[in-house]
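Report on the structure given below.
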Amino acid sequence: MVNELQTLVTFFGATGDLAKRLLYPSVFNLYKKGYLKEHFAIVGTSRQKLSDAEYQDMVRTSISEGQDKDQVEGFLKHFSYIASDVTDAAGYAGLHDQIEAASDKFGVEGNRIFYLAVAPRFFGTIAQYLKSEGLMADKGYNRIMIEKPFGTSYETAEQLQNELTTAFNEDQVYRIDHFMGKEMVMNIAPLRFGNPMLNTAWNKDYIKNVQVTLAETLGVEERAGYYDTAGALLDMIQNHTMQIIGWLAMEEPKDFSDVAIRDAKNAAFSSLEIYDEKGANRYFVRGQYEASKTVAGHVAYTDEPDVPKDSKTNTYIAGELHFNTPRWEGVPFYIRSGKRMAAKTTRIDVVFKAGAFKFGGQQEPQETVLSIVVSPDAHITMSMNAKEVSDNFSTQLIDLNWAPTDKQKAETPAPYERMLHDAMDGNGSNFADWHGVATAWKFVDALSDVYAEDKAPLFPYDSDTMGPKEADDLLAQNGDAWVFKG
Ligand code: NAD
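Under the working numbering, think of the first position of the sequence shown as 247, with each following residue one higher.
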């Protein structure tokens, strides 16, 4: 059943790439599905001067291909626009009036969402002005949606957090990590908590290790300016990988509310071991891609346009995390992410211990794996020991598989649609909590410090491979191996 959501969303950065490419089509989908009907309004603002009609034209262009014309026009009536510079307090008075007028026109009582689709340096400033210039509703809710990145270190993240909390409480802050809105990432909880068989086994007694892989085949492309300051550690590990790990490592929440989920994740994050220089060298491997031996034109990272020749930026990171809780004692959580790898994939592999029962055949029971493949080709596979089809009693691994149909995939909401819906609905389950973000930064900062002082080797790897050999050795030291080999 579809419940109408009454809301007024203000998009800061309304003329930007994110708004046009992802946000407006998502809001339109919510309208088509009936979540948004009469009582909603969208106010756009950015520095650019546009009339309401010009703004509606812009939104029309971003959503209308192949859509019902009348529906598009009905939708666009809810959009209005005002130019303002977010750094100038004076501009907020006009925005205030625009929001009040749109609220009255569409009968939205309070219920304000402020979506910050602007450069991160503006996040804190906008939050503070929203409060000081009186833009918050005194009825219903006020929520703020924050784009990534949330800081560039623990220190900057904490500063941003302090600025936000002058105006908003934690339960009003929706920090976006679009990986959390992906269908298969959202499948971790139902698989874990919906199946007593798995839930009972989700601990050190049955799980040998957990692996999270976020591999890209692309190189740095046109993002060298940003990427060379971030590397894989900040670009993929601090945010997406750690958020996925949160679902895997968390304790069982007392119910499926967002508060209980955040509490359960925070309990796990609090137990994450932070490494010093010795730990960074023992448990982490950083790499940088060299030219490809197989694909022409795949040059070394340092030969990419705009990358300094002497860059030591990590384009690959693999590591082993430890959660010091009774549940996870001695269970390594392996993570890896890199550019120019042999395959593009986002996946989770949970390796279960092999049973001790002896059948006496040539092949005895082996470790089994639950694989949750997020993309591409989302699917879930669980391997099991079964009898080999032969006249002796050896065992073999068989696979139980599930994948959504093409129709289901086409109907699956895109992450931004889901996140906008959840924020309108007050469900913070799939947003990053400050405690988790803070822990991820502390963890990553400790590694960054070691790398900044060049106190860990930077291992080269050939483009179009699965990374440096040292990342395989990292697992081999524990008698483990990467499940996904490219
Ligand atoms: P963009 O440069 O395309 O758009 C920026 C917007 O901010 C424009 O509307 C611009 O007019 C407005 N703006 C700039 N300075 C302003 C000021 N002083 N006052 C008022 N408005 C101002 O940027 P984008 O790609 O849309 O990214 C926006 C945010 O979303 C960033 O934080 C980015 O990290 C994040 N993000 C973007 C994408 C994406 O695919 N584009 C994906 C994930 C996250």
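Yeah, the Cβ is synthetic: ideal placement off N, Cα and C, and Gly gets one too.
Any non-hydrogen atom of the ligand NAD within 6 angstroms of residue i CB
| i | result |
| --- | --- |
| Gln294 | yes |
| Leu264 | yes |
| Glu393 | yes |
| Val619 | no |
| Ala363 | yes |
| Pro366 | yes |
| Val788 | This structure cannot speak to residue 788, because the chain is shown only from 247 to 732. |
| Thr261 | yes |
| Thr398 | no |
| Val458 | no |
| Asp331 | yes |
Residue of the options minimising C-alpha distance to residue i
| i | options | result |
| --- | --- | --- |
| Lys701 | Met304, His568, Ala526 | Ala526 |
| Lys279 | Val248, Leu269, Gly725 | Val248 |
| Gly397 | Pro366, Arg389, Tyr420, Leu567 | Pro366 |
| Glu699 | Lys555, Thr571, Ile618, Asp522 | Asp522 |
| Ala589 | Gly732, Phe257, Ser516 | Gly732 |
| Leu480 | Pro395, Gln534, Phe530, Pro499 | Pro395 |
| Met391 | Gly682, Pro703, Met665, Gly262 | Met665 |
| Gln534 | Ser308, Thr540, Asp556 | Asp556 |
| Phe569 | Thr592, Phe603, Asn449 | Asn449 |
| Met628 | Ile594, Ala347, Pro659, Phe603 | Ile594 |
| Arg389 | Glu379, Thr402, Thr371, Leu362 | Leu362 |
| Leu720 | Met488, Gly672, Arg532 | Arg532 |
| His681 | Leu381, Ala339, Ile507 | Ile507 |
| Met382 | Asp343, Glu393, Gly353 | Asp343 |
| Val596 | Leu616, Pro611, Pro578, Phe579 | Leu616 |
| Tyr338 | Glu613, Asp474, Asp504, Arg293 | Arg293 |
| Leu437 | Glu550, Gly353, His625, Asp334 | His625 |
| Gly353 | Glu657, Ala260, Gly386 | Gly386 |
| Asp501 | Lys539, Ile491, Ala435 | Ala435 |
| Leu643 | Arg528, Gly340, Phe598 | Phe598 |
| Tyr277 | Glu319, Arg267, Lys266 | Glu319 |
| Lys715 | Phe530, Pro659, Ser640 | Phe530 |
Practice task
Please determine if the region 556-566 and the region 583-597 are in contact, where contact requires at least 3 C-beta pairs separated by less than 8 angstroms.
Solution key: The region 556-566 makes contact with the region 583-597, as at least three CB pairs between them are under 8 angstroms.
Exercise for the section: Please determine if the region 704-717 and the region 450-457 are in contact, where contact requires at least 3 C-beta pairs separated by less than 8 angstroms. Expected result: At 8 angstroms Cβ cutoff, the stretches do not touch.
Handout entry: Contiguous beta strand (DSSP E) assignments of at least 3 residues, all confined to the region 601-685
Key = Taking only runs of at least 3 residues, the beta strand (DSSP E) segments lying wholly in the region 601-685 are 614-621, 625-633, 641-648.
Problem - Sequence ranges, beta strand (DSSP E) only - wholly within the region 441-521, length at least 3 - result: Runs of the beta strand (DSSP E) lying entirely within the region 441-521 and spanning at least 3 residues, in chain order: 453-461.
Problem - Cβ contact (3+ pairs, closer than 8 angstroms) linking the region 281-291 and the region 323-336 - result: Contact holds: three or more Cβ-Cβ distances are below 8 angstroms.
Exercise for the section: Go through the region 295-332 residue by residue and report every complete run of the beta strand (DSSP E) that reaches 3 residues or more, in order. Expected result: Listed in chain order, they are 325-329.
Exercise for the section: Evaluate contact between the region 296-316 and the region 352-361, counting only Cβ atoms and requiring at least three cross-stretch pairs below 8 angstroms. Expected result: Under the Cβ criterion (8 angstroms, minimum of three pairs), the region 296-316 does not count as touching the region 352-361.
Practice task
Would you be able to state if there are at least three C-beta pairs under 8 angstroms between the region 427-446 and the region 461-469?
Solution key: Because the criterion of three Cβ pairs below 8 angstroms is not met, the region 461-469 and the region 427-446 do not touch.
Exercise for the section: Could you tell me whether the region 664-676 touches the region 413-428, where touching means 3 or more Cβ pairs closer than 8 angstroms? Expected result: Output reads yes: the region 413-428 touches the region 664-676.
Practice task
Take every Cβ of the region 686-693, pair it with every Cβ of the region 293-309, and state whether three or more of those distances are shorter than 8 angstroms.
Solution key: Inter-segment contact for the region 686-693 and the region 293-309 is absent: fewer than three beta-carbon pairs are separated by less than 8 angstroms.
Handout entry: Complete runs of the beta strand (DSSP E) confined to the region 265-296 [at least 3 residues]
Key = Every beta strand (DSSP E) of 3 residues or more that sits fully in the region 265-296 is shown, in chain order, as 286-292.
Handout entry: Stretch-stretch touch, CB-based, cutoff 8 angstroms, three pairs: the region 565-581 with the region 502-518
Key = They touch, by the three-pair rule.
Problem - Any 3 or more C-beta pairs closer than 8 angstroms across the region 648-660 and the region 253-260 - result: Using a C-beta cut-off of 8 angstroms, the region 648-660 makes no contact with the region 253-260, since fewer than three inter-stretch Cβ pairs fall below that distance.
Practice task
Answer yes if the region 477-488 comes into contact with the region 602-611, meaning at least three C-beta pairs across the two stretches below 8 angstroms, and no otherwise.
Solution key: No, they do not touch.
Practice task
Report yes or no: do three or more beta-carbon pairs, one from the region 616-634 and one from the region 401-411, lie closer than 8 angstroms?
Solution key: Note that the region 616-634 does not touch the region 401-411; fewer than 3 beta-carbon pairs, one per stretch, sit closer than 8 angstroms.
Practice task
Pair every Cβ in the region 456-463 with every Cβ in the region 713-730, then say whether three or more of these pairs are closer than 8 angstroms.
Solution key: Contact holds: three or more Cβ-Cβ distances are below 8 angstroms.
Handout entry: Residue ranges of each beta strand (DSSP E) within the region 521-555, 3 or longer
Key = Runs of the beta strand (DSSP E) inside the region 521-555: 530-536.
Handout entry: Whole alpha helix (DSSP H) elements within the region 379-412, 4-residue minimum
Key = Entirely contained in the region 379-412, the alpha helix (DSSP H) runs reaching 4 residues are, in chain order, 400-411.
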